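In full-length UniProt numbering, the protein residues as written are 1 to 383. Below: one structure, written as structure tokens.
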């Protein structure tokens, strides 16, 4: 028998594992319909796939600059300059092994033991896990009933905080934070507080709403670390590539964490990311229209389902209905799984998500129809 001392992880890892609300990522099996996954069902653009093939054939199969391909970093800097209101350079960019690696590097590179990191609640559960891994203290602050930021509750929480981390559009709620909300946050920050802005779903915002990056707020630009991915906008989830943009003064410790854990990002994949940035907006526009069409289907389907109440999302590809029974989020997600459809428990995303379910409509129309029919049948069994 292996001695327990050999199987024990570090205190930080064990703390993270015991406190984590993250689902282990069990995929739908058999005849189950998976409406739990946060992944586009679209294929990547053909130009991106062909670029990857050409890059491999051209010999881009070796280590590259740890900060990322110089040409790609220049393209990212040019793309993001408009958001920052000033010209960025490759020195402001770190190419990452997906957004997850970027977020982890941003938090680990800026958080010390005992630092408080504030985040909205509910939100993407990765943030709190990485804060604990760094030895920091996650400080979730519940949102308003409409899932927008509660500035009155954030005010005391942000005093003395090391960082404020958030995503918009929000995973899991689909809310898009308004400019005035971010301006309100800016007015609450101490001089030493940084902002980590996860813009993974920024290309998926529905009219009349508008995506506002933190760096667009003048007082936030010099304290913002912006995290982006190619996964959602270009359906490149399996390529595992993203990037960070930050003022030069903030980037070195974050870049050091990323290169320590990840080394250089896949050279050929970086060439495919460059091809994605060079594309016109046709693919992103197609994706947005696809999800808007699905929202209408989901809205109509939800109207016929008892004991669930939802408002249309403002962005991303999730709907976050409230459960109108005494069942917990976890109980309800298990109930639906037993009836052939997998969703995420709202409680996975924080105490503010308890009593809700996260349902993804990043699935085919056929899967959505089958899935929502099963949800309706399962809910009708509860009365």
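Just so you know, even glycine gets a beta-carbon here, dropped at the ideal spot from N, CA and C. These figures come from a predicted structure and were not determined experimentally.
- Setting aside the 5 residues that flank it on each side, residue 360 is surrounded in the same chain by 35, 36, 37, 38, 317 and 318, each with a C-beta closer than 7 Å to its C-beta; the list follows chain order.
- With 16 or more other Cβ atoms inside 10 Å of its own Cβ, residue 94 counts as buried.
- Burial state of residue 122 is buried, judged by a 10 Å Cβ sphere holding 16 or more other Cβ atoms.
- If one requires a minimum length of 3 residues, the beta strand (DSSP E) runs lying completely within the region 102-131 are 116-121, in chain order.
- For residue 136, same chain residues with a beta-carbon under 8 Å away, outside a window of 5 residues either side, are 107, 111, 112, 113, 114, 115, 116, 117 and 162 in chain order.
- Taken in chain order, the complete alpha helix (DSSP H) segments of 4 or more residues contained in the region 126-182 are 126-133 and 151-158.
- Taking a 10 Å sphere around the C-beta of residue 70, we find fewer than 16 other C-beta atoms and assign the residue as exposed.
- Burial check for residue 129: the Cβ neighbour count within 10 Å reaches 16 or more, so the residue is buried.
- Looking at the backbone, the Cα of residue 151 and that of residue 165 are separated by about 14 Å.
- Boundaries of the alpha helix (DSSP H) harbouring residue 373: 365-380, taken from the DSSP string.
- According to the DSSP assignment, residue 274 belongs to the alpha helix (DSSP H) that extends over 267-278.
- With respect to the 9 Å criterion, residue 313 and residue 295 are classified as neighbours on the basis of their beta carbons.
- About 5 Å separates the CB atoms of residue 305 and residue 376; that is less than 8 Å, so the two are in contact.
- Using a 10 angstroms sphere on the CB of residue 260, the tally of other CB atoms stays under 16, which defines it as exposed.
- For residue 332, same chain residues with a beta-carbon under 7 Å away, outside a window of 5 residues either side, are 323 and 357 in chain order.
- DSSP places residue 318 in the strand class (E or B) of the three-state scheme.
- Within the model, the alpha-carbon separation for residue 241 versus residue 368 is close to 28 Å.
- By the neighbour-count criterion, in which 16 or more other beta carbons inside 10 Å mark a residue as buried, residue 171 falls on the buried side.
- In terms of Cβ geometry, residue 371 and residue 258 do not form a close pair [threshold 9 Å].
- Closest by C-alpha distance to residue 201, out of 288, 92, 271 and 216, is 288.
- With a threshold of 16 other beta carbon atoms within 10 Å, residue 197 meets it and is buried.
- Residue 209 carries a coil assignment under DSSP once its states are collapsed to helix, strand and coil.
- Rounded to the nearest angstrom, the gap between the Cα atoms of residue 277 and residue 76 is 8 Å.
- Linking residue 297 to residue 60 through their CA atoms gives a straight-line distance of about 43 Å.
- For residue 228, the enclosing beta strand (DSSP E) covers residues 224-229.
- A straight line joining the alpha-carbon of residue 167 with that of residue 378 spans about 32 Å.
- When the Cα atoms are used, residue 154 and residue 119 turn out to be separated by approximately 9 Å.
- Cβ atoms of residue 195 and residue 173 stay farther apart than 8 Å, at about 19 Å.
- A straight line joining the alpha-carbon of residue 176 with that of residue 205 spans about 7 Å.
- For the pair residue 64 and residue 264, the CB atoms are nearer than the 9 Å cut-off.
- Non-local C-beta neighbours of residue 283 in its own chain, meaning closer than 6 Å and more than five positions away in sequence, comprise 45, ordered along the chain.
- When the beta-carbon positions are compared, residue 126 and residue 268 stay at least 9 Å from each other.
- Here residue 17 is exposed. Its C-beta has fewer than 16 other C-beta atoms within 10 Å.
- According to the DSSP assignment, residue 31 belongs to no beta strand (DSSP E), since it is labelled neither H nor E.
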